[in-house]
Amino acid sequence: DQFGRDMFSRILYGSQVSLVVGIVGVSITIPIGMFVGGVAGYYGGRVDNALMRFVEILFAFPGFYLLLALTAVLPPTLPSTTRFFMIVVVLSFLGWAGLARVIRGLVLSLKEREFVLAARAVGASDVLVIVRHVLPNTLSYVIVGATLAIPGYILGESALSFLGLGIREPQASWGNLLSAATNIQAMTQYPWLLAPGVFIFVAVLAYNLFGDGIRDAVDPRQRV
Numbered sequence: 245d246q247f248g249r250d251m252f253s254r255i256l257y258g259s260q261v262s263l264v265v266g267i268v269g270v271s272i273t274i275p276i277g278m279f280v281g282g283v284a285g286y287y288g289g290r291v292d293n294a295l296m297r298f299v300e301i302l303f304a305f306p307g308f309y310l311l312l313a314l315t316a317v318l319p320p321t322l323p324s325t326t327r328f329f330m331i332v333v334v335l336s337f338l339g340w341a342g343l344a345r346v347i348r349g350l351v352l353s354l355k356e357r358e359f360v361l362a363a364r365a366v367g368a369s370d371v372l373v374i375v376r377h378v379l380p381n382t383l384s385y386v387i388v389g390a391t392l393a394i395p396g397y398i399l400g401e402s403a404l405s406f407l408g409l410g411i412r413e414p415q416a417s418w419g420n421l422l423s424a425a426t427n428i429q430a431m432t433q434y435p436w437l438l439a440p441g442v443f444i445f446v447a448v449l450a451y452n453l454f455g456d457g458i459r460d461a462v463d464p465r466q467r468v
């Protein structure tokens, strides 16, 4: 790069941030989405209405611009590690609403199935029914949804770091490495500076194809 540092080594090091942010973000999003969607779908009524209205409020916020606003208020002297975890929290908070809505729809149909009615008939508590009988039957969708959600987190972190609002120098991530190739001169005379963008593209494509494969494996009806 412009400072004589080896780009390939920094790309490999930066992959820790760009890939881990997706995995950590999904690990936060899944429990929240499953809990909110499970409670809303199982209890229905006012609980369902209240939780779904909150979900719709989250959907009303423009996600990327909200990220820009939230990360812009972080102190510029904040350590990159702390900034990294703040980005993960923000991305996770914005990402669980869609999962909760889908889980709610699945639970609405599952709670009328015979095995759920039988568990309630023998006196099982609501918590036991939800945790042991209802939510486990949504795991096939959750696994697929989580795999397909990871690329969104990778792109979100890369975009913020590219704009200088995420991971900053000297720490490396694919986003801030790609920011070195922001003009025609850099792209024509130093094309290797575009390599982080290739890694982002390959990682996102790989996760999407992996998610499609898992979806076909767990749901044969999706096969063509």
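In our numbering, the protein residues as written are 245 to 468.
Built from N, CA and C at the ideal position, the CB exists for glycine as well.
{"Asked": "To the nearest angstrom, how far is it from the Cα of Q429 to the Cα of D245?", "Found": "14 Å"}
{"Asked": "Taking 7 Å as the threshold (C-beta atoms), are G389 and E401 in contact?", "Found": "no"}
{"Asked": "Quick check on the burial criterion: 16 or more other C-beta atoms within 10 angstroms. Buried or exposed for V270?", "Found": "buried"}
{"Asked": "Quick one, are the C-beta atoms of G288 and I347 less than 7 Å apart?", "Found": "no"}
{"Asked": "Using DSSP with H/G/I as helix, E/B as strand and the rest coil, what is P306?", "Found": "coil"}
{"Asked": "Using the Cα positions of V448 and F359, report the straight-line distance between them to the nearest angstrom.", "Found": "39 Å"}
{"Asked": "Could you tell me the distance, in whole angstroms, from the CA atom of E356 to the CA atom of M278?", "Found": "18 Å"}
{"Asked": "Could you tell me if F329 is buried or exposed, where buried requires 16 or more neighbouring beta carbons within 10 angstroms of its beta carbon?", "Found": "exposed"}
{"Asked": "To which residues of the same chain is V386 closer than 7 Å at the C-beta, ignoring the five residues directly before and after it?", "Found": "I274, M278"}
{"Asked": "According to DSSP, simplified to helix, strand and coil, what is G349?", "Found": "helix"}
{"Asked": "How would you write the range of the alpha helix (DSSP H) that N420 sits in, first residue to last?", "Found": "418 to 422"}
{"Asked": "Note the first and the last residue of the continuous alpha helix (DSSP H) segment covering I411.", "Found": "Per DSSP, I411 belongs to no alpha helix (DSSP H) and is neither H nor E."}
{"Asked": "Whole angstroms are fine: how far does the CA of D292 sit from the CA of V371?", "Found": "16 Å"}
{"Asked": "Just verifying my parser: in three-state terms, what is the DSSP assignment at N293?", "Found": "helix"}
{"Asked": "If you count every other CB in all the chains shown that lies within 10 Å of the CB of Y309, and 16 or more means buried, which is it?", "Found": "exposed"}
{"Asked": "Would you kindly report the start and end of the unbroken alpha helix (DSSP H) that includes E358?", "Found": "358 to 365"}
{"Asked": "Let me confirm a value: G455 is counted as buried when at least 16 other C-beta atoms fall within 10 Å, else exposed. Which label applies?", "Found": "buried"}
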